[in-house]
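Colleague:
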């Protein structure tokens with residue numbers, strides 16, 4: 067889990083690395099609220115964060131990272147979590163697959179996966195996060211070597 071700020075705020079002198087996920091979420095809510103959100107793609111790590119936020123009694127927007135290419139089970143998980151936790155779900159606008167095919171050609175994810183991710187993930191996320199000063203993400207250090215040193219708080 068990481069809390070990401072849109073710009074470097076003046077943070078208190080706290081040992082964020084020593085904090086538990088619950089402590090960090092509570093601190094972030096107190097420091098950044100109401101301009102804090104949770105980003106969610108309905109995988110294990112973000113689903114756990116949805117539960118943590120609810121168990122802490124916090125209310126924040128949940129920004130969905132949906133490529134429109136999820137498995138049916140991901141949408142089922144989303145629907146159950148939205149209902150169970152009464153989430154305020156923010157769904158960024160992204161092009162349909164048909165629109166992307168017309169603009170970029172068929173099967174962009176096979177030909178140029180970086181471009182496809184930029185269109186379907188990066189651009190919508192940047193737009194959706196504009197109203198917030200910080201967001202909570204489900205990035206885990208064990209996901210890849212490039213994330214191994216991810217700090218708990220970054221900007």
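In the numbering used here, the protein residues as written are 67 to 221.
Backbone N, C-alpha and C define an ideal beta-carbon position, used for all residues, glycine too.
For the alpha helix (DSSP H) holding residue 91, just list the boundary residues, first then last.
Modeller: Taking the first residue of the chain shown as 1, we reach residue 91 at position 25. Its alpha helix (DSSP H) spans residues 87–98.
Colleague: In the structure shown, what three-state DSSP assignment does residue 127 receive?
Modeller: Translated into positions along the chain shown, residue 127 becomes position 61. It is a strand residue.
Colleague: Is it true that the CB of residue 133 sits closer than 9 angstroms to the CB of residue 187?
Modeller: In the chain shown, the residue the question calls residue 187 occupies position 121. In the chain shown, the residue the question calls residue 133 occupies position 67. Yes; because the gap between Cβ atoms is below 9 angstroms, this pair is in contact.
Colleague: Where do the ends of the beta strand (DSSP E) carrying residue 210 lie?
Modeller: As a first step, residue 210 is located in the chain shown; it is residue number 144 there, counting from the start. Note, residue 210: premise wrong, no beta strand (DSSP E); not H, not E.
Colleague: List the endpoints of the continuous beta strand (DSSP E) containing residue 175.
Modeller: Position 109 of the chain shown, counted from the start, is the residue given in the question as residue 175. No beta strand (DSSP E) contains residue 175, which is instead part of the alpha helix (DSSP H) from 174–177.
Colleague: Between 90, 104, 182, which lies nearest to residue 135 when the distance is taken from Cα to Cα?
Modeller: Start at 1 with the first residue of the chain shown, and residue 135 comes out as number 69. Looking at the Cα atoms, 182 is the closest of the given residues.
Colleague: When the distance is taken between beta carbons, is residue 143 closer than 9 angstroms to residue 108?
Modeller: For the purposes of this step, residue 108 is taken as the residue at position 42 of the chain shown. For the purposes of this step, residue 143 is taken as the residue at position 77 of the chain shown. It is a contact, given that the beta carbons lie within the stated cut-off.
Colleague: Assign residue 180 to one of two classes, buried (16 or more other C-beta atoms within 10 Å of its C-beta) or exposed (fewer than that).
Modeller: Numbered from its first residue, the chain shown carries residue 180 at position 114. Label assigned to residue 180: exposed.
Colleague: Beta-carbon within less than 6 angstroms of residue 82's beta-carbon, same chain only, minus the 5 sequence neighbours each way: which residues are those?
Modeller: For this step, residue 82 is matched to residue 16 along the chain shown. Answer for residue 82: 218, 219, listed in chain order.
Colleague: Can you tell me whether residue 198 is buried or exposed, with buried defined as 16 or more other CB within 10 angstroms of its CB?
Modeller: The residue given as residue 198 occupies position 132 in the chain shown. Result: buried.
Colleague: Could you tell me if residue 114 is buried or exposed, where buried requires 16 or more neighbouring beta carbons within 10 angstroms of its beta carbon?
Modeller: Looking up residue 114 in the chain shown gives position 48. Exposed, by the Cβ-count rule.
Colleague: Using only alpha-carbon positions, find the residue among 166, 168, 196, 206 that is nearest to residue 112.
Modeller: Residue numbering aside, residue 112 sits at position 46 when the chain shown is read from its first letter. The shortest Cα separation from residue 112 among 166, 168, 196, 206 belongs to 206.
Colleague: Could you check the C-alpha separation between residue 105 and residue 116 for me, to the nearest Å?
Modeller: As a working mapping, residue 105 is identified with position 39 in the chain shown. As a working mapping, residue 116 is identified with position 50 in the chain shown. Their backbone Cα atoms lie some 9 angstroms apart in a straight line.
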